[in-house]
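These protein sequence lines map, in sequence, to chains Z and B.
Numbering-wise (our numbering), the first sequence opens with residue 3 and increments by one.
Numbering-wise (our numbering), the second sequence opens with residue 3 and increments by one.
A short worksheet on the structure shown next.
There are 2 protein chains.
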Amino acid sequence: MSTTGLDRRSRRRQQTIDEILDVSVALMETEGVAALSLSAVARQLGMRPPSLYQYFPSKLAIYDALFQRGSAQIRDAQREARARAPQDQELERGMVAFSRWCMDNQVLTQLLFWRTVPGFTPSPEAFAPAEDMVNDLRSYLQQAVDKGRLHQDATSDEGIALFTSLTAGVLSQQMANEPQATYETGRYMKLMPTVLDMFYLHYRPTRGKEK
Amino acid sequence: MSTTGLDRRSRRRQQTIDEILDVSVALMETEGVAALSLSAVARQLGMRPPSLYQYFPSKLAIYDALFQRGSAQIRDAQREARARAPQDQELERGMVAFSRWCMDNQVLTQLLFWRTVPGFTPSPEAFAPAEDMVNDLRSYLQQAVDKGRLHQDATSDEGIALFTSLTAGVLSQQMANEPQATYETGRYMKLMPTVLDMFYLHYRPTRGKEK
DNA sequence: GTCTATAACGCGATAGAC
DNA sequence: GTCTATCGCGTTATAGAC
């Protein structure tokens, strides 16, 4: 039993796991997030439903794996966009990357931000990347504070809640009312830069006292 | 067969319909919106599942009736709050009434604003009150414009989209992250007045050009 | 050990006959 | 209003193939 044999086997196993997740997302796109059917997944893969249990202990475990995958992806999409961003545009570029990813991955977005699947709550491991996202946001807001572009209050819990509410609002309106649109064509998505401006205006550095 | 007999029968029928809807909401509260089970509804009412089909042709028809009920209720809640509001506070009071209703009726709110039930789309009749809501909003924004409290652009499609995005954002963050809270205690709900201020600031009448 | 299959249980939505 | 029946679901048990 060579080590390459073990590698090959576990590589093949990982490949199957990825296929299950991909097929699940595809089915949820057409049937609805809460309507995922393991039988349908198995059919697509040429398996019988019980075989799926070799890879996931339950249907909720598939949702959890998708949550983890999604939260890591959207965190990284923002990180990469910010890393490439010109000076002082990290917040905006991160927001654009966030929006674009959400529109391109609406099934995962529903899972991440709406939590409407009966009985499903993300495990701590699956949730960790989502916490990274908030911490990233806070540190970039702090940078803007340090440069005198935002009031200190912007990094408070209220500031974070306001920032995420503004983006979540545009996003949820877009997804509920025009789900077939893209980031570029969405009627609501056009408001993303607007609400960022509003945030900067609300937490402007020191033209009088805040609040 | 007297007419009062007919009345009594149809009144009894309407009563059963209302009971079915009430029980459905209660079950969705504990099990999840998409997990509504007709068998469970029937059990609660001391019926057999097929009997429900005397009142609703399908499970989706129950969702549709709930959508209609909900959209009419939330429209009326706002109308009553605005009718009681002091001069120039109609917008704010309507927004508060909206928020409070949503937190008190989260199941219906999910149905109305997230549309995550597989296969369900509201019928035109069920959707009509939701359209009233937007028209109401536009007319109160127009009043504020007429009084010089808002820029004319606030009543544009973009203005309406911005207003609804701001409120939907606070709401969706609250429901996703702290669903057990009330309007009074919610960490995000506290931002409702804030985002209204931001809207007024963004569409301030004429301190320089808009946008 | 690893993967897959078949059989079976209990539950659900729904159609039709009574 | 009911009972019966069909179908699909998630899941478990179990047994055979690689």
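Even for Gly, the Cβ is constructed at its ideal location relative to N, Cα and C.
**OP:** Could you check what DSSP says for B:M135 in three-state terms: helix, strand or coil?
**Re:** In this structure, DSSP gives B:M135 a helical state, which the three-state scheme calls helix.
Original post:
What three-state label does DSSP hand Z:V119 in the structure shown?
Top reply: Coil.
**OP:** Check whether the Cβ of B:V35 lies closer than 8 Å to any Cβ atom in chain Z.
**Re:** Taking Cβ atoms only, chain Z reaches closer than 8 Å to B:V35, which makes this a yes.
Subject >> Amino acids of chain B, ordered along the chain, whose beta-carbon sits closer than 7 Å to that of Z:M200 >> reply: Within chain B, the residues whose beta carbon sits less than 7 Å from that of Z:M200 are M200 and H204, listed in sequence order.
**OP:** Tell me whether B:M3 sits in a helix, a strand or coil according to DSSP, three-state version.
**Re:** Because B:M3 carries a pLDDT of 49, less than 50, the predicted location of this residue cannot be relied on, and no value is offered for it.
Subject >> Among B:P131, B:A163, B:P59 and B:M135, the one whose alpha carbon lies nearest that of B:F69 >> reply: Of B:P131, B:A163, B:P59 and B:M135, the smallest CA-CA separation from B:F69 is found for B:P131.
Subject >> Sequence-distant residues of its chain with Cβ nearer than 6 Å to B:R214 (five each side left out) >> reply: The requested residue 214 of chain B does not occur in the structure, where chain B is confined to residues 3 to 213.
**OP:** Grab me the residues of Z:V27's own chain with a C-beta within less than 6 Å of its C-beta, minus the 5 sequence neighbours each way, in chain order.
**Re:** Cβ within range, chain order: V109.
Original post:
Which residue comes first and which comes last in the alpha helix (DSSP H) that contains Z:T196?
Top reply: Segment M194 to H204, the alpha helix (DSSP H) holding Z:T196.
**OP:** Rounded to whole angstroms, what's the CA-CA distance from Z:R84 to Z:A74? Just pull it up for me.
**Re:** CA-to-CA, the gap between Z:R84 and Z:A74 works out to about 15 Å.
Subject >> Any chain Z beta carbon closer than 8 Å to B:P124 >> reply: Interface annotation, B:P124: not in contact with chain Z, CB-CB separation never under 8 Å.
Subject >> Spatial distance of B:P207 from Z:Q154 (CA atoms) >> reply: For the pair B:P207 and Z:Q154, the Cα-to-Cα distance works out to about 28 Å.
Original post:
When DSSP labels each residue in this structure, what does B:Y190 get in the three-state scheme?
Top reply: Three-state DSSP puts B:Y190 in coil, outside helix and strand.
Original post:
Looking at the unbroken alpha helix (DSSP H) that takes in B:N179, where does it start and where does it end?
Top reply: Looking at the DSSP string, the run of the alpha helix (DSSP H) that includes B:N179 is D159 to N179.
Original post:
Where do the ends of the alpha helix (DSSP H) carrying B:S73 lie?
Top reply: Counting along the chain, the alpha helix (DSSP H) containing B:S73 begins and ends at K61 to R86.
Original post:
Which chain B residues are close to Z:Q112, counting only those with a beta carbon under 9 Å from its beta carbon?
Top reply: At a C-beta separation below 9 Å, Z:Q112 has these neighbours in chain B: W116 and T118.
Original post:
Using the C-alpha atoms, what's the distance from B:Y205 back to B:E212?
Top reply: The predicted position of B:E212 is uncertain, since its pLDDT is 43 and thus under 50; a value taken from the coordinates is nonetheless stated next. Each residue's alpha carbon lies about 7 Å from the other.
Original post:
In whole angstroms, what is the alpha-carbon distance linking Z:Y142 and B:G171?
Top reply: One C-alpha to the other measures close to 21 Å.
**OP:** Reducing DSSP to helix, strand and coil, say where Z:Q17 ends up.
**Re:** Helix at Z:Q17.
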